[in-house]
Amino acid sequence: MGEIGKFLLFMVSCILTNNFIFSRFLGCCPFLGVSNKVETAVGMGVAVTFVMALASLFTHLVYNYILIPLKLEYLSTIAFILIIAGLVQFVEMFIRKSSPSLYKSLGIYLPLITTNCAVLGVAILNVSNSYGIVYSVFNGVFSALGFMLAIVLMAGVRERLETSNIPKCLKGFPISLITAGLMSMAFMGFKGLFAGLS
Numbered sequence: 003m004g005e006i007g008k009f010l011l012f013m014v015s016c017i018l019t020n021n022f023i024f025s026r027f028l029g030c031c032p033f034l035g036v037s038n039k040v041e042t043a044v045g046m047g048v049a050v051t052f053v054m055a056l057a058s059l060f061t062h063l064v065y066n067y068i069l070i071p072l073k074l075e076y077l078s079t080i081a082f083i084l085i086i087a088g089l090v091q092f093v094e095m096f097i098r099k100s101s102p103s104l105y106k107s108l109g110i111y112l113p114l115i116t117t118n119c120a121v122l123g124v125a126i127l128n129v130s131n132s133y134g135i136v137y138s139v140f141n142g143v144f145s146a147l148g149f150m151l152a153i154v155l156m157a158g159v160r161e162r163l164e165t166s167n168i169p170k171c172l173k174g175f176p177i178s179l180i181t182a183g184l185m186s187m188a189f190m191g192f193k194g195l196f197a198g199l200s
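So the number in our numbering is just where the residue sits in the sequence shown, counting from 1, plus 2.
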């Protein structure tokens, strides 16, 4: 398999087979909290994509060019959280100015990107897999696109469920958890589909 084939397999792996929501179960809090409407889900997905891409870049640079030379690798988690918090503050200020309605609809979940374990997870995965700077950024972008795909699909299903005839005991959060479980099982099918290509 050539370099392009490996890159495409890496992209598909990040988005589908190793999806942060349905395979790694990271970032479930905003996934369940902000997936009521497709518009809000897209806004959250774009914000997370931006933060994950830049976090992958900056955490790679800080880890390899500051922490390793100073032999401070044990501070990597704290350093990563500080970088992510700074990026989220920037995104929050930008969304507040550019789209007040989106800012209001995202509510508390926007600053919670700081503690979104998917964002920290991608930074730690980049370090543990020893990705170079290019693959670190691509891992961040593609993993975030997988997150956005999951949250937008969930929002679409939840919008349809609002008008469906559901038993009273399952309305709201219970049917959302059942739906998330079924979607996770569906995404597991991609592992078998691409197993022969690796």
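We put the beta carbon where it would ideally sit given N, CA and C, even for glycine.
Same chain, Cβ closer than 8 Å to residue 108, five either side skipped, listed in chain order
Within the sequence shown, the letter at position 106 stands for residue 108. Taken in chain order, the residues that qualify are 36, 42, 45, 46, 49 and 97.
For residue 126, which of 154, 33 and 79 has the nearest alpha-carbon?
Translated into the one-based positions of the sequence shown, residue 126 becomes position 124. When each option's Cα is compared against that of residue 126, the closest is 79.
Spatially closest choice to residue 189 from 6, 13, 24 and 147, by CA coordinates
Counting from one through the sequence shown, the residue named residue 189 turns up at place 187. The shortest C-alpha separation from residue 189 is found at 24.
Pairwise C-alpha distance: residue 105 and residue 94
For the purposes of this step, residue 94 is taken as the residue at position 92 of the sequence shown. For the purposes of this step, residue 105 is taken as the residue at position 103 of the sequence shown. Distance between the alpha carbons of residue 94 and residue 105 is about 8 Å.
In whole angstroms, what is the alpha-carbon distance linking residue 111 and residue 90?
Counting from 1 along the sequence shown, the entry for residue 111 is found at position 109. Counting from 1 along the sequence shown, the entry for residue 90 is found at position 88. Roughly 11 Å between the two C-alpha positions.
Exposure label - residue 101; buried when at least 16 CB within 10 Å:
The sequence position of residue 101 within the sequence shown is 99, counting from 1. When all chains shown are included, residue 101 counts as exposed.
Please state the DSSP three-state secondary structure of residue 174.
Position 172 of the sequence shown, counting from 1, holds the residue named residue 174. Taken through DSSP and simplified to helix, strand or coil, residue 174 comes out as coil.
State buried or exposed for residue 199, treating a residue as buried only when at least 16 other CB atoms are found within 10 Å of its CB.
Working through the sequence shown from its first residue, we reach residue 199 at position 197. Model confidence at residue 199 stands at a pLDDT of 48, short of 50, so the residue's coordinates are unreliable; what they give is reported in the following sentence. Burial call: exposed.
Within the continuous alpha helix (DSSP H) that includes residue 5, where are the two ends?
The residue you call residue 5 lines up with position 3 of the sequence shown. Residue 5 -> alpha helix (DSSP H) spans 5-14.
Can you grab the Cα-Cα spacing for the pair residue 39 / residue 166, in whole Å?
As a working mapping, residue 39 is identified with position 37 in the sequence shown. As a working mapping, residue 166 is identified with position 164 in the sequence shown. When rounded, the distance between both Cα atoms is 15 Å.
Reduced DSSP category for residue 133 - H, G, I as helix; E, B as strand; rest coil
Position 131 of the sequence shown, counted from the start, is the residue given in the question as residue 133. Three-state DSSP puts residue 133 in coil, outside helix and strand.
Which class does residue 17 belong to by DSSP, given the choice of helix, strand or coil?
In the sequence shown, residue 17 corresponds to position 15, counting from 1. Correct three-state label for residue 17: helix.
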